[in-house]
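Each residue of the sequence shown is one higher than the one before, starting from 596 at the first, in the working numbering.
For every residue, glycine included, the Cβ atom is placed at its ideal position computed from N, Cα and C.
Below is one structure; the comments refer to it alone.
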Amino acid sequence: MSIDALKARMPAYAKDIKLNISNVLQTGELTEQQVWGAALASAIATRSPEVIAAVAAEADRHLSPEATEAAKTAAAIMAMNNVYYRFSHLTGSDYLQMPARLRMNAIANPGVDKLDFELWSLAVSAVNGCGLCLKSHEKEVIAKGASKEAVQDAARIAAVIQAVATVLEAEDALAGEARAAA
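Put into structure tokens, the structure is as follows:
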């Protein structure tokens, strides 16, 4: 599986998504490691086996083993944090004042540059829709010297990777429905 294979599976109605796949993976604001770490972490957050496999295969050519592990760690830790902090935010401030009592040591020692890990956490938070986490990670990324354009690029990667997963899953479901009706 490859990025090209994902693009080849995009139907005509998703032409914009197909065109955006390559565009978001070639940015001047992010390093190669930041791009591919954001893509891998976002792919994992989509939960789409096909998208995860394709992005992981391509990311392996651009990421060190440590960066790959850190991107996977960002997806894992944010899967937990995005649910908890979205709950805390949406239900009220009392929960935000209470200790989370969730283990999050990976954030302190991610195995890669903290800026990269924060960007990947931001991308996963965008996929998972946690506004509180998005604000927190955006603040950290900016504080560590990234530009607003770099933040936007990470969010754009997350958005396109999520759109790819959505389109492919819809196409698979529609094809299954057509087979069942036949």
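Within its chain, find whatever has a CB closer than 8 Å to the CB of residue i; leave out the 5 residues flanking it on each side and keep chain order.
i	result
residue 740	710
Does the Cβ of residue i have 16 or more other Cβ atoms within 10 Å, making it buried, or fewer, making it exposed?
i	result
residue 717	buried
residue 789	In the structure as shown, the chain begins at 596 and stops at 777. Residue 789 is therefore absent and cannot be evaluated.
residue 705	buried
residue 767	exposed
residue 643	buried
residue 748	buried
residue 651	buried
Indicate whether residue i and residue j have their beta-carbon atoms separated by less than 7 Å.
i	j	result
residue 648	residue 693	no
residue 763	residue 645	yes
residue 752	residue 638	no
residue 554	residue 610	Nothing can be reported for residue 554, as the shown portion of the chain is limited to 596 through 777.
residue 641	residue 760	yes
Using a Cβ-Cβ cut-off of 6 Å (strictly less than) and excluding sequence neighbours within five positions of residue i, which residues of its own chain qualify?
i	result
residue 715	632, 633, 636, 666 and 669
residue 657	627 and 631
residue 750	721
residue 582	Since the first residue of the chain shown is 596 and the last is 777, residue 582 is not available in this structure.
Who are the Cβ neighbours of residue i in its own chain at under 7 Å, not counting the five residues just before and after it?
i	result
residue 720	673, 677, 728, 729 and 732
residue 675	697
residue 695	679
When the Cα of residue i is compared with those of the options, which residue comes out closest?
i	options	result
residue 617	705, 706, 598 and 656	598
residue 736	621, 722 and 625	625
residue 700	671, 691, 684 and 655	671
residue 623	769, 760 and 743	743
residue 723	612, 605 and 758	758
residue 784	767, 725 and 664	One cannot answer for residue 784 here, as it falls past the ends of the chain, which runs 596 to 777.
residue 746	776, 684, 629 and 683	629
Less than 6 Å between the CB of residue i and some heavy atom of the ligand SAH, yes or no?
i	result
residue 646	In the structure on display, the ligand SAH does not appear, and there are no ligands present to speak of.
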